[in-house]
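**Q** Under my numbering, think of the first position of the sequence shown as 761, with each following residue one higher. Built from N, CA and C at the ideal position, the CB exists for glycine as well. Input: one structure, supplied below.
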Amino acid sequence: MDKFVITGGNRLTGEVSISGAKNAAIAIIPAVILSEGVCRIENVPNITDVTAITRMLYDLGAEIRSVNKSTLEIDPRPIRSYVASYELARHMRASYYLLGALLGRFSHAVVTMPGGCDFGVRPIDQHLKGFSALGASYKLESGMVDVYCDELVGNNIYMDVVTVGATVNTMLAAVRAKGTTVIENAAKEPHIVDLANFLNTMGADVRGAGTDVIKIKGVEHLHGCTYSIIPDQIEAGTYMAAAAATGGDVLVKNVIPKHLESISAKLEEMGVEVEEYDDAVRVRRTRPLNKCNIKTMPHPGFPTDMQPQIAVLLSIAKGTSIINEGIWDNRFRYVEELKRMGAQISVDGKVAVVEGVEHLTAAPVKATDLRAGAAMLIAAMCASGVSSVEDIQHIERGYEDVEGKFRALGADIRRVQEQEKPSVAQAV
Ligand code: EPU
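Listed below in structure tokens is the structure:
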């Protein structure tokens, strides 16, 4: 397995272009199953989670053509199977979107219990609640979820918690159900809106996405279409955090600044300058970072997927900051790694107290999950000395060409085979 070797201390400067949103892509690609024609999906990020979900569609029988680096054409018509491949699905959380999509198309879906990042318990009770409300039954057997029905019929569903996954899955099942479905207490993330826009481009009737009530009038047919995925809010936020951490000056391009407001607001509170343009933000830091408190919440609150990256900034800010994780039970596993670089953080359940230190120092660390891995890269870029970040397969699930993009901004980062040791010259 490869790792990243990073020599810290370089200010990041220049421009970086943000790729399509991972969490939109991995909902939209399974949604193609519902179509009766070819869908051309543009601005698809080149990341391993997309490769995996695309491969799952291929294994089901879809015809898939890569038009260029970021455009896929998917013909779902040849799909005959409603049973998803176990090997691929078990590693990836979003494989459960095949449940909603296959149920919508075949009234039957069999998918393994999902994998993905380990943040503690990741239940799917709300997904099953959504399917049941639409008239489906389910069995959980030998690690597989088997959902089936004679026909799906629209209904009112109140989600007990705000959940992205269950909102997406219920939308997928409901678009071709008979009658109207109303999802209350729905998630409002930008990728929910993107999925709704994609479904509507295929001929669905989905209204209210982006608010907490989504209304879906079922239609009999969905047609092929061309659709471009929104830019990735979290990838953008990660480069914004990296620019701030290194005292840099970076123009983050191809973004929707509105999606970044909660991140920009916190950076500004820390003393970072953020300038908004139509489809870009410029992030510049010229003075020490101030402490600040963070509470992660569903959109439009501060995103949990930016929590580890911001923790790096707080670990070198002046004073004591408090992070309150409002979504996941166990999203502080990366803290032990950050402490190896000299960060002073104590964790108690879903709360972390961060005492800012003068600077971080290089250390060998590992990516405990996707965003934790991104945080380790940022920490290594602002630490003095040569760090290595292992288990980078987590990072590659969600960041396109992370090495190339950081390098173009001036970072000293290179990918090496695990057994290759940095030379003495690099280590001093
Ligand atoms: N929850 C339930 N029951 C359910 C589903 C969720 O209790 O049936 C709870 C979860 O345990 C959690 C909360 O609801 O406490 C929110 O979970 P949600 O369903 O929103 O999360 P998810 O759909 O599994 C997506 C992203 C995550 C991101 C969360 C929150 C995808 C594939 N994953 O997960 O992204 O952290 O929403 O925004 O879209 C990442 O990209 O790094 C990542 C982990």
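#1: Go to Val1095, then tell me how far its alpha helix (DSSP H) extends in each direction, as first and last residue.
#2: Among the candidates Ile789, Ala937, Met931, whose CA atom is the shortest distance from the CA of Glu944?
#3: In its own chain, which residues sit with a C-beta less than 6 Å from the C-beta of Arg1093, not counting the 5 before and 5 after it?
#4: Going along the chain, which unbroken runs of the alpha helix (DSSP H) with 4 or more residues stay wholly within the region 930 to 986?
#5: Going by Cα to Cα distance, which pick from Arg1047, Ala1132, Asp972 is closest to His1059?
#6: For Thr811, count the other beta carbons within 10 Å of its own beta carbon; 16 or more makes it buried, fewer makes it exposed. Which is it?
#7: At a threshold of 7 Å, does His887 count as lining the ligand EPU (C-beta to nearest heavy atom)?
#8: Run the proximity test for Gly1158: is its beta-carbon closer than 7 Å to any non-hydrogen atom belonging to the ligand NAD?
#9: What do you reckon, is the C-beta of Asp1065 under 7 Å from a heavy atom of the ligand EPU?
#10: Quick check: Leu817 and Arg865, are their CB atoms within less than 8 Å of each other?
#11: Going by DSSP in three states, Gln1186 sits in which element: helix, strand or coil?
#12: Once DSSP output is grouped into helix, strand and coil, what is the label at Thr1128?
#13: From Asp1039 to Asp1108, what does the alpha carbon distance come to, in whole angstroms?
#14: Per DSSP, what kind of secondary structure is Gly1133 in: helix, strand or coil?
#15: Using the Cα positions of Gln1186 and Val1125, report the straight-line distance between them to the nearest angstrom.
#16: At a threshold of 7 Å, does Leu1130 count as lining the ligand EPU (C-beta to nearest heavy atom)?
#17: What did DSSP end up calling Phe764 once you bin it into helix, strand or coil?
**A** Once the coordinates are examined:
#1: If you number the sequence shown from 1, residue 1095 lands on position 335. Where Val1095 is concerned, the enclosing alpha helix (DSSP H) stretches over 1095 to 1100.
#2: The residue given as residue 944 occupies position 184 in the sequence shown. Of the candidates Ile789, Ala937, Met931, the one whose C-alpha sits nearest the C-alpha of Glu944 is Met931.
#3: The residue given as residue 1093 occupies position 333 in the sequence shown. If we look at Arg1093 and ignore the five residues flanking it on each side, its Cβ neighbours are Thr1128.
#4: 950 to 961
#5: Translated into positions along the sequence shown, residue 1059 becomes position 299. Distances from the alpha-carbon of His1059 to those of Arg1047, Ala1132, Asp972 put Asp972 closest.
#6: The residue labelled residue 811 in the question sits at position 51 within the sequence shown. The residue is exposed, with fewer than 16 neighbouring Cβ atoms inside 10 Å.
#7: Residue 887 sits at position 127 when you count from the first residue of the sequence shown. Within the cutoff, so yes.
#8: By its list of ligands, the structure shown excludes the ligand NAD, since it contains just the ligand EPU.
#9: On the sequence shown, residue 1065 is found 305 positions in, with the first residue counted as 1. Yes; taking the cut-off as 7 Å, the Cβ of Asp1065 has a heavy atom of the ligand EPU nearer than that.
#10: Stepping through the sequence shown from its first residue, residue 817 is reached at position 57. Stepping through the sequence shown from its first residue, residue 865 is reached at position 105. Not a contact, by the Cβ cut-off of 8 Å.
#11: Along the sequence shown, one-based indexing puts residue 1186 at 426. The pLDDT assigned to Gln1186 is 47, lower than 50, so where the model puts this residue is not dependable, and the model offers no usable value.
#12: By 1-based counting over the sequence shown, the position of residue 1128 is 368. Coil, per DSSP.
#13: Position 279 of the sequence shown, counted from the start, is the residue given in the question as residue 1039. Position 348 of the sequence shown, counted from the start, is the residue given in the question as residue 1108. Annotation: Asp1039 to Asp1108 spans about 39 Å, alpha carbon to alpha carbon.
#14: On the sequence shown, position 373 is the one that residue 1133 refers to. Of the three classes helix, strand and coil, the one that applies to Gly1133 here is helix, per DSSP.
#15: As a first step, residue 1186 is located in the sequence shown; it is residue number 426 there, counting from the start. As a first step, residue 1125 is located in the sequence shown; it is residue number 365 there, counting from the start. Unreliable placement is indicated for Gln1186, whose pLDDT of 47 sits below 50; no coordinate value is reported for it.
#16: Indexing the sequence shown from 1 puts residue 1130 at position 370. Within the chosen limit of 7 Å, the ligand EPU reaches the beta carbon of Leu1130 through at least one heavy atom.
#17: Residue mapping note: residue 764 aligns to position 4 of the sequence shown, counting from 1. Reduced to three states, the DSSP call for Phe764 is strand.
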